Amino acid sequence: MAILPRFHLFELHDLEWFPNWARILLLEILHFMWVLFDPEAPLNKWVMKMVRKIFPLPPFKRPYMNLVPLLDRIMEETGHTTIIDLCSGAGGPMSHVQQALQNDCGRKDTVVVLTDLYPQTETWYKLNQKNNNLRYSQQSVDATKVPGHLKGIRTLMACFHHFQPKLAQGIIKDAIDNNVPIVIVEGTERSLPVILAYALAAFPLVTIGTPFALRWTLKRFFFTYIIPFSQFLYFFDSIVSCLRSYTPEELHNLVAGIEGSNTYNWEFKRFYPVPFAPIPLCFFVGTPKAGNRAAAE
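Be aware that the sequence shown starts at 92, since it is given in my numbering, and climbs by one per residue.
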């Protein structure tokens, strides 16, 4: 529950002048955060085994697995088999989501396409080498004007708070104009417990997670273990992310002001995937009503 007003402050890695080598320091750590609690990852099996020796933690789902049945349902309803991930950063959990849809839901033809205003093609290439059904656009993609050839379910993973209301409406309107489903996922909230959790987690998580980033570089080592710039970047941008987050009421109000939004069904869901943390996973989903669905790609 949000108890703070919304402040649209700036995140450092959003700034156009911010160097890409520094941007990727944060983006690849965010990718690590998405899969940190994946019990199937070899590292996490060891980490969780050590943690459970200290804390008697109950079993819990991988955070991104809450998204899989939702996408499976949308695919069943609409016939779409392609997911266009907008503002992908370093890829987030989308490779894992694609594999879960393929292996757990039997959707063998599921394809995920990563896109971003600042394409991280080197990082995405590495992910593609491990999963051929995870593809990417080498061209810059504006989430408010997605090219027509990128047809499918649109997802935005932990990035919608970056946009001021008019741009946020533009993203939703572009999905409506193209008659495609849109799934907005956020892991932040304007509440003191969530802000405090991110602030306290910044230094230990970045320090521990850096060796397991997608790419290991001397700059990453220097700006984490010699000068703790990576930790500061995560600390600053995560707190600002919380303050920029939209409440369910604000999201519904955004949608109400968009022409054609009444041709969609809208729903909001909130999960707490990690039982010992107050950090939520929130979904805001729009799907064309049955009579307004166009042919899938």
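No residue lacks a Cβ here, since even glycine has one placed at the ideal position from N, Cα and C. For clarity, every value in this text was computed on a predicted model and none was experimentally measured.
Buried or exposed by the 16-neighbour rule on C-beta atoms within 10 Å, applied to residue i
i	result
A266	buried
Y155	buried
L218	buried
Cα-Cα separation between residue i and residue j, rounded to whole angstroms
i	j	result
T279	G243	26 Å
H104	D200	34 Å
A381	A191	26 Å
Q322	I262	31 Å
T298	E167	41 Å
F327	S228	29 Å
V276	E341	15 Å
V346	K310	42 Å
V376	L158	11 Å
N356	M248	20 Å
P108	P364	Position check: residue 108 holds Trp in this sequence, whereas Pro was assumed. Those two C-alpha atoms are separated by around 35 Å.
S352	K264	8 Å
F359	I317	43 Å
S282	P379	32 Å
R164	A290	35 Å
P339	R153	23 Å
Coarse secondary structure for residue i, derived from DSSP in three states
i	result
W411	Nothing about residue 411 can be read from this structure; the chain reaches only from 92 to 388.
L205	strand
L324	helix
E280	coil
I165	helix
Y227	strand
L247	strand
G377	strand
F367	coil
V237	coil
Nearest-angstrom beta carbon gap, residue j and residue i [assumed within contact, 8 Å]
i	j	result
L177	R245	6 Å
I175	L241	5 Å
V331	L95	12 Å between Cβ atoms; not a contact.
I115	Q211	6 Å
Y325	L117	6 Å
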